[in-house]
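Undergrad: Quick one: the structure is below, questions incoming.
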């Protein structure tokens, strides 16, 4: 509340009077159990919580892999909700017995604003508790985990559906005006998609932050066995969007800085440079391909397209001839290889992109964007810093609902501005085309051993 009030103070005293509607987005997937009075029973389990791997394997083995994929429309992964609910039931049974609902982060905020328990269809489709055939909570998955999902997960609402209005109590606590309409909202991924201005087929969007949220519009639904997540989309002419999140993007660079770049940090500080700016310069001292060094950014496992909690970060190809610049560039390239892996999978699913629209902290790195453009062989549109933030997507969604914007696509074109366009570098394109197959194949050779290694370490 203090943060919200501080923002209102900075924006001006009359800002609250100008609010026409509210749309909340949040990270996903989250398991926040609340009691019948809406009080949280424990801290939330987020998508990065990998404690429920054993429960996931039990669920998939019980239902059957093919049937599970058919129900949820994607690959099983520990990030999602069924295994977390089962883990919670097994390990904290006394709290489970008091649980009335499982909420997402945005659902909880919506409840505090309106007093109404809901789940937006976008976040629901990311939980792996939703039957993607019926678009209802899955009785079959609920039976396996021993939870009545139709009772314990809130009623489903469309992203832009008005679920209620700011209550008098919420108005007193927040400083908002009672009666403001609140829509169901969505995940930060969908809000990011709108914030990139992605409004037609042939475009891809990336919100490049701690993780990378990647989305490509499609006029066909992906087959369930293709390892991307298919979501319904509210943009005219784009009935579906393929959602393919990369687990660590900016987080990989941050990890490198904190664990391996003490020398670079000291140099940047001594020369009054930002460390990220210096690393961008240093990376360009290495050639494309980082002198044969590959970095795999699977520091927290990987979501799309591997969906494997046992995947691990790796440097492959180290030699005595390696320089610091090779290490730095390989980190930038590793996340770009992961992005290409996603885009190749999206293409297999039936969608094609000719440009990439990118926002977020990663968009500030021209070196990184040039590597991505060359890796994907397409221009990268870098959005203006004021355009591409998640709240812009939220504003577009609710603004369209309450009549501020008559046409969502036209509103996006007017509001979302392109700062610059980065073109592929021919020499880099040629190098990455030759090296990319090694990136994929070397991981495939190690996949089984990484799982066995992780299981062995956990037993020590």
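In the working numbering, the protein residues as written are 746 to 1205. Think of the CB as a built atom: it goes at the ideal place given N, C-alpha and C, for glycine as much as any other residue.
#1: Excluding sequence positions up to five away, which residues of its chain have a Cβ less than 8 Å from the Cβ of residue 997?
#2: According to the neighbour-count rule (16 or more other Cβ atoms, all chains shown, within 10 Å of its Cβ), is residue 749 buried or exposed?
#3: Can you list the alpha helix (DSSP H) stretches of 4 or more residues lying completely in the stretch 926-1012, in chain order?
#4: For residue 923, count the other beta carbons within 10 Å of its own beta carbon; 16 or more makes it buried, fewer makes it exposed. Which is it?
#5: Reducing DSSP to helix, strand and coil, say where residue 793 ends up.
#6: Just to confirm the assignment, what range does the beta strand (DSSP E) spanning residue 887 have?
#7: Going by the CB atoms, is the gap between residue 1131 and residue 947 shorter than 7 Å?
#8: Assuming residue 1253 is part of the beta strand (DSSP E), what are its boundary residues?
#9: Could you pull the start and end residues of the alpha helix (DSSP H) that residue 1035 belongs to?
#10: Do the CB positions of residue 960 and residue 1094 come within less than 7 Å of each other?
#11: Would you report the Cα separation of residue 1074 and residue 1198, rounded to the nearest angstrom?
#12: Given that a residue counts as buried once 16 or more other Cβ atoms are within 10 Å of its Cβ, and exposed if not, what is residue 1025?
#13: Quick one: Cα of residue 851 to Cα of residue 970, how far?
#14: Taking the CB atoms as reference points, tell me whether residue 804 and residue 828 lie closer together than 7 Å.
#15: Closest to residue 820 by C-alpha separation, out of 990, 936, 1168, 1067, would be which residue?
#16: Relative to the alpha-carbon of residue 962, which residue among 916, 944, 953, 954 has its alpha-carbon at the smallest distance?
#17: Which whole-angstrom value describes the C-beta separation of residue 853 and residue 777, a residue pair presumed to lie in contact below a C-beta threshold of 8 Å?
#18: Skipping 5 residues on each side, what residues in its chain have a beta carbon closer than 6 Å to that of residue 926?
#19: Using beta-carbon positions only, say whether residue 1193 and residue 941 come within less than 7 Å of one another.
#20: When DSSP builds the beta bridges, which residues end up paired with residue 909?
#21: Tell me the rounded alpha-carbon separation between residue 780 and residue 931.
#22: Distance, Cα to Cα, residue 890 vs residue 831?
#23: So what does DSSP say about residue 803, is it helix, strand or coil?
#24: Between residue 1127 and residue 884, what straight-line distance do the alpha-carbon atoms span, to the nearest angstrom?
#25: Measure the C-alpha to C-alpha separation of residue 1145 and residue 1181 and round it to an integer number of angstroms.
#26: Between 1134, 879, 1155, which has its C-alpha nearest residue 1245's C-alpha?
#27: Should residue 1086 go down as buried or exposed, given a rule of 16 or more other Cβ atoms within 10 Å for buried?
#28: State yes or no: is the C-beta of residue 869 within less than 7 Å of the C-beta of residue 1052?
#29: Report the three-state DSSP secondary structure of residue 1071 (helix, strand or coil).
#30: What are the residues that DSSP puts in a beta bridge with residue 1053?
#31: Between residue 974 and the rest of its own chain, which residues show a CB-CB distance below 6 Å, the 5 nearest in sequence each way excluded?
#32: Would residue 1185 be called buried (16 or more neighbouring beta carbons within 10 Å of its own) or exposed?
#33: Sort 796, 825, 1023 by Cα distance to residue 1048 and report the nearest one.
#34: What first and last residue would you give for the alpha helix (DSSP H) that runs through residue 1065?
#35: Excluding the five sequence neighbours on either side, which residues of its own chain have a C-beta within less than 7 Å of the C-beta of residue 978, listed in chain order?
TA: Reading from the atomic positions:
#1: Locating residue 997 in the chain shown gives position 252, counting from the first residue. The residues 1040, 1042, 1044, 1058, 1076, 1079, 1080, in chain order, have a CB closer than 8 Å to that of residue 997 in the same chain once the five nearest residues on each side in sequence are set aside.
#2: Taking the chain shown and counting its residues from 1, the one referred to as residue 749 is at position 4. The residue in question, residue 749, is exposed, as its Cβ has fewer than 16 Cβ neighbours within 10 Å.
#3: DSSP runs (the alpha helix (DSSP H)) wholly in the stretch 926-1012: 933-940, 995-1005.
#4: Translated into positions along the chain shown, residue 923 becomes position 178. Label assigned to residue 923: exposed.
#5: Here residue 793 refers to the residue found at position 48 when the chain shown is read from its first residue. The answer is coil: DSSP assigns residue 793 none of H, G, I, E or B.
#6: As a first step, residue 887 is located in the chain shown; it is residue number 142 there, counting from the start. Where residue 887 is concerned, there is no enclosing beta strand (DSSP E), although the alpha helix (DSSP H) it sits in stretches over 884-890.
#7: By 1-based counting over the chain shown, the position of residue 947 is 202. By 1-based counting over the chain shown, the position of residue 1131 is 386. Taking 7 Å as the Cβ cut-off, residue 947 and residue 1131 do not qualify as a contacting pair.
#8: The structure shown does not extend to residue 1253, since the chain spans only 746 to 1205, so no value can be given for it.
#9: Counting from one through the chain shown, the residue named residue 1035 turns up at place 290. DSSP places residue 1035 outside any alpha helix (DSSP H), giving it a letter other than H or E.
#10: Along the chain shown, read from residue 1 onward, the residue named residue 960 stands at position 215. Along the chain shown, read from residue 1 onward, the residue named residue 1094 stands at position 349. No, the Cβ-Cβ distance between residue 960 and residue 1094 is not below 7 Å.
#11: Here the question's residue 1074 lines up with position 329 in the chain shown. Here the question's residue 1198 lines up with position 453 in the chain shown. Annotation: residue 1074 to residue 1198 spans about 28 Å, alpha carbon to alpha carbon.
#12: As a position in the chain shown, residue 1025 is number 280, starting the count at 1. Around the C-beta of residue 1025, 16 or more other C-beta atoms lie within 10 Å, and the residue is accordingly described as buried.
#13: Within the chain shown, residue 851 is the residue found at index 106, counting from 1. Within the chain shown, residue 970 is the residue found at index 225, counting from 1. Each residue's Cα considered, the two are about 29 Å apart.
#14: The count along the chain shown starts at 1 and reaches residue 804 at position 59. The count along the chain shown starts at 1 and reaches residue 828 at position 83. For residue 804 and residue 828, yes; Cβs fall inside 7 Å.
#15: Along the chain shown, one-based indexing puts residue 820 at 75. It is 990 whose Cα lies nearest to the Cα of residue 820.
#16: The residue you call residue 962 lines up with position 217 of the chain shown. Measuring from the Cα of residue 962, the nearest candidate turns out to be 944.
#17: In the chain shown, counting from the first residue as 1, residue 853 sits at position 108. In the chain shown, counting from the first residue as 1, residue 777 sits at position 32. About 6 Å; that satisfies the 8 Å criterion.
#18: By 1-based counting over the chain shown, the position of residue 926 is 181. Excluding residues within five positions, the ones whose Cβ falls inside 6 Å are 766, 907, 910.
#19: For the purposes of this step, residue 1193 is taken as residue 448 along the chain shown, with counting starting at 1. For the purposes of this step, residue 941 is taken as residue 196 along the chain shown, with counting starting at 1. No; because the gap between Cβ atoms is not below 7 Å, this pair is not in contact.
#20: Here residue 909 refers to the residue found at position 164 when the chain shown is read from its first residue. BP columns for residue 909 point to 927.
#21: Taking the chain shown and counting its residues from 1, one reaches residue 780 at position 35. Taking the chain shown and counting its residues from 1, one reaches residue 931 at position 186. Answer to the nearest angstrom: the Cα atoms are 23 Å apart.
#22: On the chain shown, position 145 is the one that residue 890 refers to. On the chain shown, position 86 is the one that residue 831 refers to. C-alpha separation (whole angstroms): 5 Å.
#23: Looking up residue 803 in the chain shown gives position 58. Helix, per DSSP.
#24: Stepping through the chain shown from its first residue, residue 1127 is reached at position 382. Stepping through the chain shown from its first residue, residue 884 is reached at position 139. The straight-line gap from Cα to Cα measures roughly 44 Å.
#25: Residue numbering aside, residue 1145 sits at position 400 when the chain shown is read from its first letter. Residue numbering aside, residue 1181 sits at position 436 when the chain shown is read from its first letter. Answer to the nearest angstrom: the Cα atoms are 42 Å apart.
#26: Since the first residue shown for the chain is 746 and the last is 1205, residue 1245 is missing from the structure and cannot be characterised.
#27: Position 341 of the chain shown, counted from the first residue, corresponds to residue 1086. Label assigned to residue 1086: buried.
#28: Counting from one through the chain shown, the residue named residue 869 turns up at place 124. Counting from one through the chain shown, the residue named residue 1052 turns up at place 307. No, Cβ-Cβ distance for residue 869 and residue 1052 is not below 7 Å.
#29: The sequence position of residue 1071 within the chain shown is 326, counting from 1. Looking at residue 1071 - three-state DSSP - the assignment turns out to be helix.
#30: For the purposes of this step, residue 1053 is identified with residue 308 of the chain shown, where counting begins at 1. 1047, per the DSSP bridge assignment.
#31: As a first step, residue 974 is located in the chain shown; it is residue number 229 there, counting from the start. Within its own chain, the residues whose Cβ lies closer than 6 Å to the Cβ of residue 974, once the five positions on either side in sequence are excluded, are 819, 988, listed in chain order.
#32: In the chain shown, counting from the first residue as 1, residue 1185 sits at position 440. Residue 1185 is exposed by the Cβ-count criterion.
#33: To locate residue 1048, count along the chain shown from 1; it is residue 303. For the residues 796, 825, 1023, the minimum Cα distance to residue 1048 belongs to 825.
#34: Stepping through the chain shown from its first residue, residue 1065 is reached at position 320. Premise fails: residue 1065 is in no alpha helix (DSSP H) and is neither H nor E.
#35: Numbered from its first residue, the chain shown carries residue 978 at position 233. Cβ within range, chain order: 962, 984, 985, 986.
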